[in-house]
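Numbering (numbering that gives the first Met the number 0), first residue to last: 0 to 364. Here a beta-carbon is modelled for each residue, glycine too, at the ideal position from N, C-alpha and C. Computed from a predicted structure; not experimentally measured. To keep things clear, I will list the structure first and then write my remarks on it.
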Amino acid sequence: MTMPHHPDPRPDGTTWEVPATGAARFSWDYDDGRERLLALYQKGKDKQWDAVTRIDWDLETDPDNPLGIPDANLPLYGSRYWDRMSAADRRSLHHHYAAWQFSQFLHGEQGALVCAARIVETVPDLDAKFYSATQAMDEARHVEIYSRFLREKIGMQYPVNPSLQSLLDDTLRDSRWDMPYLGMQVLIEGLALAAFGLLRDVTDEPLPKQILAYVMQDEARHVAFGRMALRDHYRQLTDAERREREEFVIEGCLLMRDRLRGEEVLAGFGVPAAEAAELSEQSEYLQVFRRLLFSRIVPCVKDIGLWGERLQQAYVDMGVFELGDANLDLLMTQDEEIAEQLDARRFAREEAARTAEVAETIANG
């Protein structure tokens, strides 16, 4: 088996420039604003946290499999390539997949940071500016977390996936103020939540599980924000304007379904592109991921009012139309509760340790 070439520890180039279009909008209306959105803004302020202190960075991870992924979740598992691999090759494959996954998480979170800042600048309503300012802080924290994990626990970074970069480019180039909402809050956040949730639920490593749970707690608020703002705005669109946005959603969903599969990792292990695509397509893990992806995106798209005939037919063709009735609120509540449960267990351990320390001190006089 050919050992992989190691990617450059940094993506190609140090910066990527996307020409910004559209207007910066000020609002001189300082009335209270929408009650639901202001309540979310308050929650965004209340739920701020410090990645340095809330996450247990001292937890060790398996250097060969830092995300704790079972062998069966790798697309090469069970193939002729897997059978020919040495134990060292298999460890290297785990390492590279971990680097690829967390690298895409990192790049996506920086995209979310830029989009949140763009929303602050361009959205016409002051209450939306308030909330998106808290989201920008959340996204900065997520970039901090993923970059630190890659640096300290994995030691390797992959460039941004071209399809993810294309989706970010389309989202940021559009001059209409609602497009960063639609591209980021609905499509890219939906993609991230599916990937985060699947990994959170399968990993046996405490540190990445903790990171993913806490990040997803923030993301639940972000999706709620996008739904509120876009639902209000899309009620006012013409049929032609709504169709334009539905076309954007269709293209984004096809891109995420067909081209975000980690095939660049397999190329580094000498797997030809056509075979890498076929192995990825047959992966049970990928099929579960897609189901989770659309269980978060389809009901959100329907909820904000983008549910025209062509979009519905696209979802029928993708085999995900019935997910439009999925309970998105329940999924988001579960994401928040999992993080709260982690906190509760952590606080219980800390309290038990303090109690034991006091008892030992008393016993020792």
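Which whole runs of the beta strand (DSSP E) in the stretch 28-77 are 3 residues long or more, in chain order?
none
Does DSSP put THR360 in a helix, in a strand, or in coil?
It is helical.
What residues in its chain sit with their C-beta under 8 angstroms from that of GLY251, if we drop five residues either side in the sequence?
LEU166, ASP169, GLY182 and LEU186
If you draw a straight line from the alpha carbon of ASP61 to that of PHE293, how long is it in whole angstroms?
Rounded to whole angstroms, ASP61 to PHE293 spans 31 angstroms at the Cα level.
Over the uninterrupted alpha helix (DSSP H) stretch that includes THR121, give me the two end residues.
86-121
In this structure, does DSSP put SER165 in helix, strand or coil?
helix
If you reduce the DSSP assignment to three classes, tell me which class MET2 lands in.
Any answer about MET2 is weak, because its pLDDT of 48 lies below 50 and its placement is not dependable; what the coordinates show is given next. In the structure shown, MET2 sits in coil (DSSP, three-state: anything other than H, G, I, E or B).
Check whether the stretch 129-139 touches the stretch 25-43, taking contact to mean three or more Cβ pairs, one atom from each stretch, closer than 8 angstroms.
yes
Quick check: what's the CA-CA separation for GLU277 versus GLY318?
19 angstroms
When you compare the stretch 253-268 with the stretch 143-152, are there three or more beta-carbon pairs, one atom per stretch, that lie closer than 8 angstroms?
no
Excluding the 5 residues flanking ARG9 on each side, which residues of the same chain have their C-beta closer than 7 angstroms to its C-beta?
Residue placement at ARG9 is flagged as unreliable, the pLDDT there being 46, under the threshold of 50; the coordinate-derived value follows with that caveat. Excluding residues within five positions, the ones whose Cβ falls inside 7 angstroms are GLN156.
How is LEU198 classed by DSSP in three states: helix, strand or coil?
helix
State yes or no: is the C-beta of TRP176 within less than 7 angstroms of the C-beta of VAL122?
yes
Using beta-carbon positions only, say whether LEU291 and GLY225 come within less than 7 angstroms of one another.
No, the Cβ-Cβ distance between LEU291 and GLY225 is not below 7 angstroms.
Could you work out which residue in ASP124, LEU305, GLN164 and ARG140 is closest to GLU16 when comparing CA atoms only?
GLN164
Helix, strand or coil for PHE247, going by three-state DSSP, please let me know.
helix
Counting only the same chain and skipping the five closest in sequence on each side, list residues whose C-beta sits under 6 angstroms from that of ASN72.
TYR284
SER91: buried (16+ other C-beta within 10 angstroms of its C-beta) or exposed?
buried
As a quick exercise: from VAL357, ALA325, ILE210 and ASP238, pick the residue whose alpha carbon is nearest that of ASP342.
When each option's Cα is compared against that of ASP342, the closest is ILE210.
Quick check on ARG9: does DSSP put it in helix, strand or coil?
Annotation note: pLDDT 46 at ARG9 (below 50); position unreliable, no value reported.
Return helix, strand or coil for ARG368, following the three-state DSSP convention.
Here the chain comprises residues numbered 0 to 364, so residue 368 is not present and cannot be evaluated.
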